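What follows is a single structure, written as structure tokens, with notes after it.
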Amino acid sequence: MSQTVVYLDSGLYIAHHRALSPTRERARALWEDASHRLVTSTMVALEILPKAAYANQQKELDLYRRLLARASTHVELTEPLMGTALELGMRYGLQGADAIHTACALAAGCTELWTAEAASSPWFRLPPSVGLAVRTVLG
């Protein structure tokens, strides 16, 4: 069975832990879907781990670490990747973190990027030519 290479942005990790159902259930289902090969990045870790650690939220921190470990690919932030993020941000109006997540997803060969952002997010302006379908767990 061919797997879809999927990047989950930090909002999915937070939704997995904190969101109200059915958003939480949709987020959780992504980790259980055997047709997905999951990708994460240092950027995701930077966005989710420090706050939980600083607030001594050990259960949340442990959950995030378990979820990060389930990804088959971890994209590191490199200077060339940051250059790509800058280009993507300028071309498509993406803010910094979203541009970095997009660059990470493309670097890992993802065909889908999942987020917990609304369809009004600049991410949904990405044209098909980018090769990355953006999906949301919001209803």
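According to numbering that gives the first Met the number 0, the sequence shown is numbered sequentially starting from 0. We put the beta carbon where it would ideally sit given N, CA and C, even for glycine. Quick caveat: nothing in here was measured; it's all calculated off a predicted structure.
DSSP bridge partner residues for alanine 132 (one or two, in chain order): Glu111
Given alanine 132 as reference, the closest of Ala115, Thr110, Leu93 once Cα atoms are compared: Thr110
Burial state of glutamate 75, where buried means 16 or more other Cβ atoms lie within 10 Å: exposed
One or two residues paired with histidine 73 in a DSSP bridge: Thr39
CA-to-CA distance, histidine 35 to proline 49, given in whole angstroms: 27 angstroms
Alanine 70 versus leucine 137: straight-line alpha-carbon distance, rounded: 22 angstroms
Endpoints, beta strand (DSSP E) assigned at leucine 19: Run containing leucine 19: none; DSSP gives neither H nor E here.
DSSP state of leucine 93 mapped onto helix, strand, coil: coil
Short Cβ contact (9 angstroms threshold) for alanine 14 with threonine 3: no
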